[in-house]
């Protein structure tokens, strides 16, 4: 992998969070501003959970995983997808 290839890589996660814990999860992601981009998948809005898609540059992977590991101590979320792929600009 060349530097250019590595520079275009993003981590893409989808986590499933109980609806009751969604606001706290969003708060934690907001508190770590600039670490990732996230949004709720619309399909989960009428369910008892929220599926949240999270994207971050691979250079921030360690920090993102630290935030998620700390969050997981409080919020019982499930990781539905965890992939690294090329950023689509």
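Numbering (my numbering), first residue to last: 1 to 89. From the three backbone atoms N, C-alpha and C, an ideal C-beta is built for every residue, glycine too.
Inset, instruction - Measure the alpha-carbon distance for residue 80 versus residue 34 and round it to whole angstroms. - result: For the purposes of this step, residue 80 is taken as residue 80 along the chain shown, with counting starting at 1. For the purposes of this step, residue 34 is taken as residue 34 along the chain shown, with counting starting at 1. If you draw a straight line from the Cα of residue 80 to the Cα of residue 34, it comes to about 23 angstroms.
Legend entry - Rounded separation between residue 78 and residue 41 - CA only: Taking the first residue of the chain shown as 1, we reach residue 78 at position 78. Taking the first residue of the chain shown as 1, we reach residue 41 at position 41. Each residue's alpha carbon lies about 15 angstroms from the other.
Inset, instruction - Could you tell me which residues DSSP puts in a beta bridge with residue 57? - result: Residue 57 sits at position 57 when you count from the first residue of the chain shown. Per DSSP, 10.
Inset, instruction - Within 10 angstroms of the Cβ of residue 1, are there 16 or more other Cβ atoms? Answer buried if so, exposed if not. - result: One-based indexing of the chain shown puts residue 1 at position 1. Here the model assigns residue 1 a pLDDT of 49, short of 50, so the residue's position is not dependable, and the following value carries that caveat. Counting Cβ neighbours within 10 Å, residue 1 comes out exposed, since fewer than 16 surround it.
Inset, instruction - Could you check how far apart the C-beta atoms of residue 11 and residue 56 are, in whole angstroms? I think they sit under 8 angstroms. - result: As a working note, residue 11 is residue 11 in the chain shown. As a working note, residue 56 is residue 56 in the chain shown. That pair is a contact at about 5 angstroms.
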